[in-house]
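Undergrad:
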Amino acid sequence: GASSGAIDLLPSPSATTNWTAGLLMDNNDMIFKFDGKQGAKIPDGIVPKNLTDQFTITLWMKHGPSPGLRAEKETILCNSDKTEMNRHHYALYVHNCRLVFLLRKDFDQADTFRPAEFHWKLDQICDKEWHYYVVNVEFPIVTLYMDGTTYEPYLVTNDWPIHPSHIAMQLTVGACWQGGEVTKPRFAQYFHGSLASLTIRPGKIESQKVISCLQACKEGLDINSLESLGQGIKYHFNPSQSVLVMEGDDIEHINQALRKVSYINSRQFPTAGVRRLKISSNVQCFGEDVCISIPDIDAYVMVFQANEPKITISGMDHFARPAAQFESERGVILLPDIKIVSTVTKTEHPVDLKEHDRDNKPVVLEEMLHNLDFCDILVIGPELEPEQECLELDHVELQGKHLDATNSTAGYSIYGVDSMHNYEQVLRQIRYRNWYTSATFDRKFRVKCSELNGRYTSNEFNLEVNILHSSNTNFMDHVNHMIVQPQFLQSVHPPEGAISAVHNSVVPSVATIVIIICVSILIFIITLGVYRIRTAHQHSSADNEGSKENEMDWDDSALTITVNPMEKYDKPHQTEEESEEEDDDIDDEDDDDTTSAESDESEEEEEEEAIVQKGAKQNATRQEQL
Numbered sequence: 001g002a003s004s005g006a007i008d009l010l011p012s013p014s015a016t017t018n019w020t021a022g023l024l025m026d027n028n029d030m031i032f033k034f035d036g037k038q039g040a041k042i043p044d045g046i047v048p049k050n051l052t053d054q055f056t057i058t059l060w061m062k063h064g065p066s067p068g069l070r071a072e073k074e075t076i077l078c079n080s081d082k083t084e085m086n087r088h089h090y091a092l093y094v095h096n097c098r099l100v101f102l103l104r105k106d107f108d109q110a111d112t113f114r115p116a117e118f119h120w121k122l123d124q125i126c127d128k129e130w131h132y133y134v135v136n137v138e139f140p141i142v143t144l145y146m147d148g149t150t151y152e153p154y155l156v157t158n159d160w161p162i163h164p165s166h167i168a169m170q171l172t173v174g175a176c177w178q179g180g181e182v183t184k185p186r187f188a189q190y191f192h193g194s195l196a197s198l199t200i201r202p203g204k205i206e207s208q209k210v211i212s213c214l215q216a217c218k219e220g221l222d223i224n225s226l227e228s229l230g231q232g233i234k235y236h237f238n239p240s241q242s243v244l245v246m247e248g249d250d251i252e253h254i255n256q257a258l259r260k261v262s263y264i265n266s267r268q269f270p271t272a273g274v275r276r277l278k279i280s281s282n283v284q285c286f287g288e289d290v291c292i293s294i295p296d297i298d299a300y301v302m303v304f305q306a307n308e309p310k311i312t313i314s315g316m317d318h319f320a321r322p323a324a325q326f327e328s329e330r331g332v333i334l335l336p337d338i339k340i341v342s343t344v345t346k347t348e349h350p351v352d353l354k355e356h357d358r359d360n361k362p363v364v365l366e367e368m369l370h371n372l373d374f375c376d377i378l379v380i381g382p383e384l385e386p387e388q389e390c391l392e393l394d395h396v397e398l399q400g401k402h403l404d405a406t407n408s409t410a411g412y413s414i415y416g417v418d419s420m421h422n423y424e425q426v427l428r429q430i431r432y433r434n435w436y437t438s439a440t441f442d443r444k445f446r447v448k449c450s451e452l453n454g455r456y457t458s459n460e461f462n463l464e465v466n467i468l469h470s471s472n473t474n475f476m477d478h479v480n481h482m483i484v485q486p487q488f489l490q491s492v493h494p495p496e497g498a499i500s501a502v503h504n505s506v507v508p509s510v511a512t513i514v515i516i517i518c519v520s521i522l523i524f525i526i527t528l529g530v531y532r533i534r535t536a537h538q539h540s541s542a543d544n545e546g547s548k549e550n551e552m553d554w555d556d557s558a559l560t561i562t563v564n565p566m567e568k569y570d571k572p573h574q575t576e577e578e579s580e581e582e583d584d585d586i587d588d589e590d591d592d593d594t595t596s597a598e599s600d601e602s603e604e605e606e607e608e609e610a611i612v613q614k615g616a617k618q619n620a621t622r623q624e625q626l
């Protein structure tokens with residue numbers, strides 16, 4: 001029954017909640033320890049500036065006595081001027097084991113004293129134990145609930161309202177920001193102790209029933225069977241069921257009653273760790289000089305780590321739609337078939353399992369139902385342009401559910417403790433609109449959900465949306481027709497009612513075209529390369545054959561020049577004359593065949609004559625050698 005809209009001021013550090021990254025933390029990432037040296041600035045926009053006349057502050061706090069007789073203030077939460085001045089608009093702090101809430105209202109037409117400081121003096125503030133505090137503000141009445149019990153302030157002081165100014169305010173946790181009256185703005189009034197689950201809920205207050213439920217934490221002491229306690233036993237629980245007092249006249253009845261005390265923890269995912277117990281016994285003696293004293297007994301209950309759920313988001317992760325649908329009044333639904341499933345890994349323990357087989361225990365995935373506390377739809381890439389695009393949700397979808405929603409250019413956030421089924425129903429109604437799609441071709445989104453304030457988170461589900469423009473669709477349709485063989489052209493043209501089917505098949509057709517073109521180019525390049533290699537090989541083989549024939553011709557010519565050596569002395573003059581006659585005959589033939597004195601041919605003839613003369617000389621030399 002708790003109201004939605006609570007803002008967590010001490011969340012676990014993450015990319016979106018990074019202001020707690022520098023604080024000291026306990027092992028479970030939920031408890032923050034303040035050692036009097038650090039504070040955290042809450043970014044602007046997390047908490048609205050106007051909390052209205054009704055709001056609630058809740059927190060878990062463990063605090064000890066302050067050092068010194070007159071210790072300074074220890075700030076839990078503070079909203080003060082960021083620069084120039086040092087005015088505190090509202091604050092919650094501890095001072096000398098007293099809890100004080102400060103609220104300075106802004107100046108309006110009624111310029112009168114108003115309640116400004118509310119003081120509570122409680123022993124639990126400095127007992128070094130965890131306590132749950134709720135400050136309900138319904139101005140001018142402020143009520144404190146500690147561990148489910150109501151406490152009225154013992155002192156209320158009045159003050160003048162704050163005059164309005166244009167100075168920005170800074171909200172801090174663990175210390176107060178001092179922006180004025182100092183040379184350099186800094187933190188002051190540091191807190192010493194531990195804090196957890198510090199939230200502020202503007203515009204609403206909680207009922208006592210809800211506060212008691214929140215404080216009980218679903219764990220504590222219980223009695224198995226009240227009927228079997230007997231008439232002689234009196235018992236009493238404190239509101240949080242962390243203390244049980246039993247009284248009786250007979251020691252045996254007391255022993256039987258103690259055996260029926262149990263520890264209960266009804267949380268679906270309890271926090272693992274030690275729960276310490278202390279049993280103190282007192283004996284009341286009548287008329288005896290010496291009374292019996294019973295020492296205290298210390299014990300503990302160990303809560304083991306529960307099987308952690310695995311939250312999985314699935315659905316259609318990519319689709320394309322014509323630009324006209326995005327420009328329509330309703331836009332396009334982003335997550336029409338989103339599904340959120342949570343599974344737990346459990347190990348079966350068969351009775352006949354041997355010891356050496358325990359490492360190979362069968363593992364079973366079991367689906368379970370539990371609540372979620374937020375789901376975010378984040379924009380990947382540039383943020384949304386408010387002038388041309390947005391994410392929309394009809395707030396009628398939130399009615400009847402414990403959910404609320406916020407919208408920004410970075411995405412859409414749905415929060416509140418509710419079932420996975422209700423989250424699915426709301427997520428399936430979120431739409432994306434774009435008035436000017438000419439400059440946008442695609443958008444990418446990421447969906448992520450959480451349980452127990454980020455203790456268990458889902459997978460990151462990525463969604464890509466393509467915007468199909470009219471020119472692109474016409475071109476792609478034309479390409480599709482070009483690819484189809486002529487004998488099938490008759491069946492390609494769709495009827496008028498099947499236009500949407502053609503649009504939906506555009507994306508796979510383009511992919512097919514690209515693949516075919518790439519394979520064709522690759523085959524052409526390979527064929528061209530093989531052809532060039534073969535051509536080069538043929539040229540090289542032809543050159544080798546030609547060179548070999550030349551060598552053989554040279555050898556043949558050398559072998560055919562065989563002359564009788566005796567002819568040199570018998571007919572030397574005859575050979576010379578014959579050679580001269582042959583030369584004369586050649587010259588005569590050349591003169592007869594010469595036309596209009598071409599210079600190129602004459603040059604070639606001279607080169608040929610030189611070659612012939614050189615060959616004749618070589619033959620003569622060979623004859624001499626022979």
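Under the UniProt record's numbering, think of the first position of the sequence shown as 1, with each following residue one higher. We put the beta carbon where it would ideally sit given N, CA and C, even for glycine.
Suppose only complete runs of 4+ residues qualify. What are the alpha helix (DSSP H) ranges in the stretch 227-283, listed by chain order?
TA: Runs found: 251-258.
Undergrad: What do you reckon, are the CB atoms on T143 and T149 nearer than 9 Å?
TA: Here residue 143 corresponds to residue number 143 of the sequence shown, with the count starting at 1. Here residue 149 corresponds to residue number 149 of the sequence shown, with the count starting at 1. No, they are not a contact pair.
Undergrad: Who are the Cβ neighbours of H478 in its own chain at under 6 Å, not counting the five residues just before and after it?
TA: Here residue 478 refers to the residue found at position 478 when the sequence shown is read from its first residue. Because H478 carries a pLDDT of 43, less than 50, the predicted location of this residue cannot be relied on, and no value is offered for it.
Undergrad: Check whether the Cβ atoms of I294 and S342 sit closer than 9 Å, and answer yes or no.
TA: As a first step, residue 294 is located in the sequence shown; it is residue number 294 there, counting from the start. As a first step, residue 342 is located in the sequence shown; it is residue number 342 there, counting from the start. Not in contact: I294 and S342 (Cβ atoms no closer than 9 Å).
Undergrad: Throw me the rounded Cβ distance for the I338 and L393 pair, which I believe falls under 8 Å.
TA: By 1-based counting over the sequence shown, the position of residue 338 is 338. By 1-based counting over the sequence shown, the position of residue 393 is 393. Contact flag wrong, Cβ pair sits at about 14 Å.
Undergrad: What is the C-beta distance between I340 and Y423, in whole angstroms, given that I count them as a contact (C-beta under 8 Å)?
TA: Counting from 1 along the sequence shown, the entry for residue 340 is found at position 340. Counting from 1 along the sequence shown, the entry for residue 423 is found at position 423. Confirmed, about 6 Å.
Undergrad: Using a C-beta cutoff of 9 Å, does C285 count as contacting chain D?
TA: Considering every chain present, this structure includes no chain D. It has just one protein chain.
Undergrad: My parser needs the alpha helix (DSSP H) runs of 4 or more residues fully inside the stretch 17-76; what are they?
TA: As far as the stretch 17-76 is concerned, it has no whole alpha helix (DSSP H) run of at least 4 residues.
Undergrad: Roughly how many angstroms separate the alpha carbons of A257 and I233, rounded to a whole number?
TA: Taking the first residue of the sequence shown as 1, we reach residue 257 at position 257. Taking the first residue of the sequence shown as 1, we reach residue 233 at position 233. Their backbone Cα atoms lie some 8 Å apart in a straight line.
Undergrad: Within a Cβ cutoff of 8 Å, which residues of the same chain sit near D317, ignoring the five residues on either side of it in sequence?
TA: As a first step, residue 317 is located in the sequence shown; it is residue number 317 there, counting from the start. Closer than 8 Å at the Cβ level, and outside the excluded window around D317, lie F461, N462, L463, E464.
Undergrad: How many Å lie between S240 and Y132 at the Cα?
TA: By one-based count along the sequence shown, residue 240 stands at place 240. By one-based count along the sequence shown, residue 132 stands at place 132. Distance between the alpha carbons of S240 and Y132 is about 10 Å.
Undergrad: What's the gap between the Cα of L528 and the Cα of C518?
TA: Along the sequence shown, read from residue 1 onward, the residue named residue 528 stands at position 528. Along the sequence shown, read from residue 1 onward, the residue named residue 518 stands at position 518. Whole-angstrom Cα-Cα distance: 15 Å.
Undergrad: In terms of residue numbering, what span does the beta strand (DSSP E) encompassing V426 cover?
TA: Counting from 1 along the sequence shown, the entry for residue 426 is found at position 426. No beta strand (DSSP E) holds V426; the alpha helix (DSSP H) holding it covers 420-427.
Undergrad: What residues in its chain sit with their C-beta under 7 Å from that of residue 645, if we drop five residues either side in the sequence?
TA: What is shown of the chain runs 1 to 626, which leaves residue 645 out entirely.
Undergrad: When the Cα atoms are used, what is the spatial distance from L195 to K33?
TA: Position 195 of the sequence shown holds residue 195. Position 33 of the sequence shown holds residue 33. Each residue's alpha carbon lies about 7 Å from the other.
Undergrad: Thinking C-beta only, is L372 closer than 9 Å to residue 659?
TA: Coverage of the chain is limited to positions 1 through 626, which leaves residue 659 absent and any answer about it impossible.
Undergrad: Using a Cβ-Cβ cut-off of 7 Å (strictly less than) and excluding sequence neighbours within five positions of W19, which residues of its own chain qualify?
TA: Counted from its first residue, the sequence shown places residue 19 at position 19. Taken in chain order, the residues that qualify are A40, K41, I42, P43.
Undergrad: Determine the burial state of M302: buried for a count of at least 16 other Cβ atoms within 10 Å of its Cβ, exposed for fewer.
TA: On the sequence shown, residue 302 is found 302 positions in, with the first residue counted as 1. With fewer than 16 other Cβ atoms within 10 Å, it is exposed.
Undergrad: What distance in whole Å lies between the Cβ atoms of V417 and H402, which are believed to be in contact at a cut-off of 8 Å?
TA: Within the sequence shown, numbered from 1, the residue matching residue 402 stands at position 402. Within the sequence shown, numbered from 1, the residue matching residue 417 stands at position 417. About 6 Å; that satisfies the 8 Å criterion.
Undergrad: Report the rounded CA-to-CA distance for H493 versus I513, giving the unit in angstroms.
TA: Along the sequence shown, one-based indexing puts residue 493 at 493. Along the sequence shown, one-based indexing puts residue 513 at 513. Bear in mind that the predicted position of H493 carries a pLDDT of just 38, short of 50, making it too unreliable to give a figure here.
Undergrad: Provide the residue(s) that pair with L99 in DSSP beta bridges, ordered along the chain.
TA: For the purposes of this step, residue 99 is identified with residue 99 of the sequence shown, where counting begins at 1. The partner list for L99 (beta bridge, DSSP) reads V94, W120.
Undergrad: Do D26 and N453 have their C-beta atoms within less than 9 Å of each other?
TA: Translated into positions along the sequence shown, residue 26 becomes position 26. Translated into positions along the sequence shown, residue 453 becomes position 453. Contact flag unset, no.
Undergrad: Looking at the strands, I want to know which residues DSSP matches up with W435.
TA: Within the sequence shown, numbered from 1, the residue matching residue 435 stands at position 435. W435 is not bridged to any residue.
Undergrad: Do three or more CB pairs link the stretch 68-87 to the stretch 160-178 at distances below 8 Å?
TA: At 8 Å Cβ cutoff, the stretches touch.
Undergrad: Please state whether DSSP places E397 in a helix, a strand or coil.
TA: Working through the sequence shown from its first residue, we reach residue 397 at position 397. Helix.
Undergrad: State the Cα-Cα distance for the pair H236 and S4, rounded to the nearest angstrom.
TA: Start at 1 with the first residue of the sequence shown, and residue 236 comes out as number 236. Start at 1 with the first residue of the sequence shown, and residue 4 comes out as number 4. Each residue's alpha carbon lies about 34 Å from the other.
Undergrad: Rounded to whole angstroms, how far is the Cβ of L334 from the Cβ of F445, which I believe are closer than 8 Å?
TA: Counting from one through the sequence shown, the residue named residue 334 turns up at place 334. Counting from one through the sequence shown, the residue named residue 445 turns up at place 445. That pair is a contact at about 6 Å.
Undergrad: Helix, strand or coil for I517, going by three-state DSSP, please let me know.
TA: In the sequence shown, the residue the question calls residue 517 occupies position 517. In the structure shown, I517 sits in a helix (DSSP, three-state: H, G or I).
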